[in-house]
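Residue numbers (the numbering used here): 13 to 612.
Step one of this worksheet: look at the structure below.
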Ligand SMILES: Cc1cc2nc3c(=O)[nH]c(=O)nc-3n(C[C@H](O)[C@H](O)[C@H](O)COP(=O)(O)OP(=O)(O)OC[C@H]3O[C@@H](n4cnc5c(N)ncnc54)[C@H](O)[C@@H]3O)c2cc1C
């Protein structure tokens, strides 16, 4: 008799899957899936980050990868129980491949697989030294000329990059490079992080003075070392900077501050990079096998070109260069743009006593922070979630288990509820002339972030200033030109200005590849970020995953890492395992390497 309880349903299905896959019976395995089905694989079968949509794609992948992967031991994860609600049975699962242990998540509908997530937890034989396997630290016994931990660290620092080459160089030591560096350290992959700023955390410290994280603490933990329980919900930028500096030290990272990567090239013959860096006034050439650009997706400024910028007599800069409001008391400020940075900067300038005008060219999605926290994030990332047993790792995996193709369907009701709850707020903003949107398909902030990485403001107070006219607004217009002392808009309005801030966003990360490697390589790998959703600033065709992030690119040995703190924490695991496997000579045949459809 079949066990109809959730555990029984999932176990029966997993047994059948195990049997079919072990026997190499692709068709039997495919039969276990719904017609409308998704299999998201983070590195276990595909050595790629890939969502297979529908039975045909699953069949193709299995035909190509089943024999090489040799999966086995599919079961409900130890200590977990399947659950059932609204006709969906779901469970955490475990499995193995020939070379790795995997963890995942499954959802069944009508007894067949609707969504399957398979992720690589660890490589067999290369497990991280954690828990019972943690290092001893002390070396008990007696030994002549023994080295202390400090001496060993100093010897490594003196040698790596000079007499011994790192396997991996990470360019960019912001939170992305640091979190990823920590993963590689645990996997014993010799790595150097190159950072042009002096200290870890400086990329946050150097941002405008009023900045606090827009995401709450539960979403922001770094790998291995969660924030303490007294950490503020929204970390001030300098505090997160200090945390990163501390983290870099205690995670024993080889972090080369005040070091700039000047250029790099790939030597096809030796299959290694020549990475030219400037350190302590000297040029050093590093020769890693793997080069990771963690130079920031919000770091390559999009600087507009307007007639008259060369004659403007006041201060003008991109938002990333904005020093803060202190010297602009009683000055006239014009902020071009209407997304996060524009709002934060306008509010800080207003607080400092400046006369501020925001210029909004096109619609912006606004969501009040408390509504986003309560309706958008609370189920997975909140104190309530923690209290009810949700861990960061599980929250990340639940999020990862929702295929991008249908993620908007889960998001639309959230933003509909937010619109209803904050209807008065939105009405007042519109009355002030603010042009609102909720995403092309009303799917809100997170989809905008994944698709285009821009187009929104998480309101922490500036919207009230816009609504009540404290921050003046010119909307539906663009800048025509600048004069010596003013900004002229396309509707003919002249805005006198002592300061112009261009809060005009950031460019695709392959721009970094163009700067640091070559235009050819930048074009070869193509646009970074976005899903191919065919919505504003995210042209099709559909990719199914974020372009080029955390996975192999068309350029051998070149990788992109970054994103918000959540993505950086989560995906650094899978990127580090991809590199570790390569270092150890484990076969990593990449299935479904993405094609390039857009150059930037
Ligand atoms: C105003 C603002 C608010 C944000 N708020 C949040 C938030 O609340 N939560 C969140 O998760 N994210 C937020 N983000 C996104 C934020 O950019 C990222 O979370 C974070 O900074 C990304 O880290 P990163 O390491 O990928 O990039 P960055 O922090 O940008 O770091 C990239 C580093 O690369 C270095 N670099 C670049 N070129 C070179 C070179 N040639 N040689 C050496 N070093 C180089 C830079 O100096 C820099 O330190 C915000 C971004 C901005 C701009």
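For each residue, glycine too, the CB sits at the ideal point set by N, CA and C.
- Taken atom to atom, the span from the alpha-carbon of residue 337 to that of residue 360 is near 6 Å.
- The three-state secondary structure of residue 506, taken from DSSP, is strand.
- By the CB criterion at 9 Å, residue 483 and residue 362 fall inside the cutoff.
- A residue is called buried once 16 or more other Cβ atoms fall within 10 Å of its Cβ, and residue 562 is buried on that count.
- With contacts defined by Cβ atoms closer than 9 Å, residue 536 and residue 610 do not form a contacting pair.
- The beta carbon of residue 452 sits closer than 7 Å to the beta carbons of 547, 548 from its chain, once the five residues preceding and following it are set aside; these are given in chain order.
- Residues of the same chain with a CB within less than 8 Å of the CB of residue 516, apart from the 5 flanking positions on each side, are 313, 314, 315, 316, 330, 331, 348, 349 in chain order.
- Here residue 247 is buried, its C-beta having at least 16 other C-beta atoms within 10 Å.
- Less than 9 Å divides the Cβ of residue 475 from the Cβ of residue 378.
- For residue 50, the beta-bridge partners assigned by DSSP are 65, 127.
- Contact annotation, residue 445 with residue 507: C-beta distance approximately 15 Å; criterion of less than 8 Å not satisfied.
- In the assembly as shown, residue 466 is a buried residue. Its beta-carbon has 16 or more other beta-carbons within 10 Å.
- Within the segment 369-456, the complete beta strand (DSSP E) runs of at least 3 residues fall at 377-380.
- Residue 307 has its CB nearer than 8 Å to a heavy atom of ligand 1.
- Under the three-pair Cβ rule at 8 Å, the segment 50-64 counts as touching the segment 552-562.
- Using a cutoff of 8 Å, the CB of residue 376 does not count as near ligand 1, since none of the ligand's heavy atoms is closer than that.
- DSSP, read as helix, strand or coil, puts residue 252 in helix.
- The residues 53, 604, in chain order, have a CB closer than 6 Å to that of residue 62 in the same chain once the five nearest residues on each side in sequence are set aside.
- Bridge partners of residue 329 according to DSSP: 513.
- Within the segment 203-268, the beta strand (DSSP E) runs of at least 3 residues that lie entirely inside it are, in chain order, 203-206.
- Ranking 65, 181, 89, 596 by CA distance to the CA of residue 275 puts 181 first.
- For the 9 Å CB-CB criterion, residue 228 and residue 253 do not form a contact.
- For residue 311, the distance from the CB to the nearest heavy atom of ligand 1 is below 8 Å.
- With 16 or more other Cβ atoms inside 10 Å of its own Cβ, residue 585 counts as buried.
- The beta carbons of residue 311 and residue 193 sit no closer together than 9 Å.
- Distances from the CB of residue 273 to the heavy atoms of ligand 1 include at least one below 8 Å.
- Judged by DSSP secondary structure, residue 33 falls within the alpha helix (DSSP H) whose first and last residues are 18-34.
- The Cβ atoms of residue 260 and residue 190 sit closer than 9 Å to each other.
- Taking each of 201, 215, 582, 25 in turn and checking the Cα distance to residue 408, the smallest one comes out for 582.
- Here residue 304 is bridged, per DSSP, to 182, 571.
- By the criterion of at least three beta-carbon pairs nearer than 8 Å, the segment 30-47 is not in contact with the segment 109-116.
- In this structure, DSSP gives residue 201 a state outside helix and strand, which the three-state scheme calls coil.
- Of the candidates 458, 383, 421, the residue whose Cα lies closest to the Cα of residue 432 is 383.
- Per DSSP, residue 290 is one residue of the beta strand (DSSP E) stretching across 284-291.
- In the structure shown, residue 74 adopts helical secondary structure according to DSSP, grouped into three states.
- With a cut-off of 8 Å, the C-beta of residue 331 is classified as near ligand 1, since at least one heavy atom of the ligand falls inside that distance.
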